[in-house]
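Protein chains: 2
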Amino acid sequence: MLNAAELREDGLSDLVFDNAIGRVHVPKAADVLAERLREQILSGRLREGDQLPAERALVEQTGLGRSSVREALRVLENQGLISKRPGRNGGSLIRRPDRASIESSIDLFIRGQKLRFRSLLETREAIEPASARLAALHRTDADIRGLRDAHRQLEDAYGNVPSFLIANVRWHLSVVAATHNELLIAFMTAISHAMHAGTDLRDFNSDEVRTIVTKAHRRILEAIADRDADAARRRMERHVSAYCEQAQRKAPEGVDADGAGEE
Amino acid sequence: MLNAAELREDGLSDLVFDNAIGRVHVPKAADVLAERLREQILSGRLREGDQLPAERALVEQTGLGRSSVREALRVLENQGLISKRPGRNGGSLIRRPDRASIESSIDLFIRGQKLRFRSLLETREAIEPASARLAALHRTDADIRGLRDAHRQLEDAYGNVPSFLIANVRWHLSVVAATHNELLIAFMTAISHAMHAGTDLRDFNSDEVRTIVTKAHRRILEAIADRDADAARRRMERHVSAYCEQAQRKAPEGVDADGAGEE
DNA sequence: ACGCAATAAATGGTCTGACAATATGTATTG
DNA sequence: CAATACATATTGTCAGACCATTTATTGCGT
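For the record, the sequence lines run as chains A and B.
Position one of the first sequence corresponds to residue 10 (my numbering), numbered consecutively onward.
Position one of the second sequence corresponds to residue 10 (my numbering), numbered consecutively onward.
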């Protein structure tokens, strides 16, 4: 294998390289292979459902060791580009990455950065009204059935705060699902996880709040069913911003999304 | 290591397990370790800047083989949770995941799913007006300087369509940057890459279009500088939706974002 | 005592070879 | 012919060696 060491066996070339280029980047074998395979997959030269060569075949083709090949495949698997199966006729099946990897990386980001809860609310305020509008435009009858179902669950869970919260999240996700926009769906799903974890149950502890929420949902649902994009959007905007205001009033400055209700 | 084989050395338990539980999931060693380390990092028991034990130390502590340990670390590195350095005093440094991993997973998703260009436009229509509003609310003086700088670049690039396009993207990213909302920044950055790749240069080929764009930007910038949230949002909404309409007119039904302008 | 060069040590990166676990195809046998 | 046993192909895992890279330590010359 050719690498940087051979490029500076004397002090002269050392100087040249450090001055002229600076910080020569030495890629790792596994990364190079992963990159090559990724391009082959994304460019369509390898199609979904096809099988990658077996590990040992890749070892032969690439001249790399099996550990490097395995690390490359591990990365691709992690990115949702392949899925592996052991056993005869097993191997690496080529897949198209789905929402899962987006969602997990957003989740990691939110948890890792200890993002302010306000950031989540702001993002939600951006996405949900637009989603309601798109849902009204693109919804199918099946979407409406799903929404009505989610609404029923919300009403059924009225007396149980944790269940109500879960049903609430599910309702909002149903709206986004009706947009048929995979990107918005992925964003909202990821945010929902964190929001749900970071929401203080006491926010929904009053009958009044739950009644208002349910009524607002009803009206939004009707607008979507009627394909009234403007109304859907306007109502959703009100609904979300009302909630955000309430949350802001409670915690005026940056509170972590760790869900441990203080004060 | 204990695994599924020992649970069904006779047909009886086989039946029991297949009927009662179905599809026993056997986690892989590397995934288990990665999960453990990830939780330690995210929970804060291992702090940013700390070092993970060396690979060979982890081998001893976990009882796993080095290849499994390495695959686990490779996954964590890929998720932006650690970064590795060779050499004495090298090792695995604990990091907080940044936007990079979100952006790359969104990018993979967009390319892998061959997402309709319309989906990107819709998402942009959701995010940008909200961003303009937040930028007006949260901007600092430095943000304004950055925006004016980006605006100057746009004007300078007026005559050169590819440069104009790049400066245009940069201007929009500057707006989102002024929101100081890491999540929105990550979303827009990721979408911008794909949008830029998928935009037909001819969309900006007329002087008229470029003049309109520049003027709209100017007015949005002023609103943000004046902290006029409503105006900023309204103007951005108009600006973006005008562009979307134009793009829709050109390609009324789902066109892949591969940038190869047909028709 | 000081500075610099050679050497050692610690660590990630890679290869090889072996065996285990798993899943499927194929032959064998009652 | 069906159920079972065996063969085979594949991923999963481990162990050990050696290479590459970086830093600490040592030792030597001045």
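All C-beta atoms in this analysis are idealised placements derived from N, C-alpha and C, irrespective of residue type, glycine included.
Note that the structure is a prediction, hence the values are computed from the model and not measured.
Interface partners of residue i on chain B, CB under 9 Å
i        : result
A/Ile153 : None at all; the shortest Cβ gap to chain B is about 20 Å.
A/Gly250 : Before going on, a small fix: residue 250 of chain A reads as Ser here, not Gly. Here the premise fails: no neighbours, minimum Cβ distance about 11 Å.
As assigned by DSSP and simplified to three states, the class of residue i
i        : result
A/Ser92  : strand
A/Arg32  : coil
A/Ser52  : coil
B/Gly100 : strand
A/Arg125 : strand
B/Glu18  : Any reading at B/Glu18 must be qualified, since the residue scores a pLDDT of 35, below 50, and its modelled position is unreliable; the value itself is stated next. Looking at B/Glu18 - three-state DSSP - the assignment turns out to be coil, as it is neither helix nor strand.
Amino acids of chain B, ordered along the chain, whose beta-carbon sits closer than 7 Å to that of residue i
i        : result
A/Pro106 : Leu117, Phe118, Gly121
A/Leu124 : Glu191, Leu192
A/Ile229 : Near A/Ile229 there are no residues of chain B at all, since even the closest Cβ is about 16 Å away, more than 7 Å.
A/Asn87  : Val84, Asn87
Partner residues on chain B for residue i, Cβ-Cβ distance less than 8 Å
i        : result
A/Arg83  : Ala39, Glu80, Arg83, Val84
A/Glu134 : Ala139
A/Phe196 : Thr132, Phe196
A/Gln257 : Within chain B, no residue comes near A/Gln257; the closest Cβ sits about 12 Å away, beyond 8 Å.
CB of residue i within 8 Å of CB of residue j, strictly
i        : j        : result
A/Ala63  : A/Gly89  : no
B/Ser119 : B/Ala203 : Here residue 119 of chain B turns out to be Ile, not Ser, going by the sequence shown. Contact: yes.
B/Ala144 : B/Ala199 : no
B/Val41  : A/Asn87  : no
A/Arg244 : A/Ala256 : no
B/Ser92  : B/Arg79  : no
A/Gly241 : A/Ala141 : At residue 241 of chain A the sequence reads Ala, which differs from the Gly that was named. Yes, the pair counts as a contact, with Cβ atoms nearer than the cut-off.
B/Ala206 : B/Trp180 : no
A/Ala139 : A/Ala81  : no
B/Leu124 : A/Leu210 : no
A/Asn177 : A/Val218 : no
A/Arg65  : A/Arg56  : no
B/Ile275 : A/Ala135 : Limits of chain B in this structure are 10 at one end and 272 at the other, which puts residue 275 of chain B out of reach.
A/Ala174 : A/Thr208 : The amino acid at residue 174 of chain A is misidentified as Ala; the sequence shows Leu. Yes, the pair counts as a contact, with Cβ atoms nearer than the cut-off.
B/Ser183 : B/Leu163 : no
A/Ile111 : B/Ser114 : yes
B/Gly96  : A/Pro106 : no
B/Val249 : B/Arg161 : no
A/Asn98  : A/Val170 : no
Interface partners of residue i on chain A, CB under 7 Å
i        : result
B/Ala166 : Residues of chain A passing the Cβ test: none, with the nearest at roughly 29 Å.
B/Ala144 : Under the 7 Å cutoff, chain A gives no residues; its nearest Cβ is about 11 Å from B/Ala144.
B/Ser183 : Within 7 Å Cβ-Cβ: nothing; B/Ser183 doesn't reach chain A, min ~17 Å.
B/Ser128 : Asn190, Glu191, Leu192
Interface residues of chain A facing residue i [CB-CB closer than 8 Å]
i        : result
B/Leu51  : Leu117, Arg120, Gly121
B/Ser76  : Ser76, Arg79
B/Ser110 : Ser114, Leu117, Phe118
Neighbouring residues, chain A, relative to residue i (Cβ below 9 Å)
i        : result
B/Ile233 : Those do not exist, as B/Ile233 stays about 16 Å from chain A at its closest Cβ, beyond 9 Å.
Report task. Decide yes or no for the touch test of the segment 126–138 of chain B against the segment 47–65 of chain A: beta carbon pairs closer than 8 Å, at least 3 of them. Result -> no
Query - Entirely enclosed beta strand (DSSP E) segments - the segment 186–266 of chain A, minimum 3 residues - result: none
Requested in this report: Mind the definition here: the segment 145–163 of chain A touches the segment 221–238 of chain A only if three or more C-beta pairs lie below 8 Å; say whether that holds.
Outcome: yes
Requested in this report: Could you pull out every unbroken alpha helix (DSSP H) segment of at least 4 residues lying fully inside the segment 102–181 of chain B, listed in chain order?
Outcome: 108–122, 126–147, 150–165
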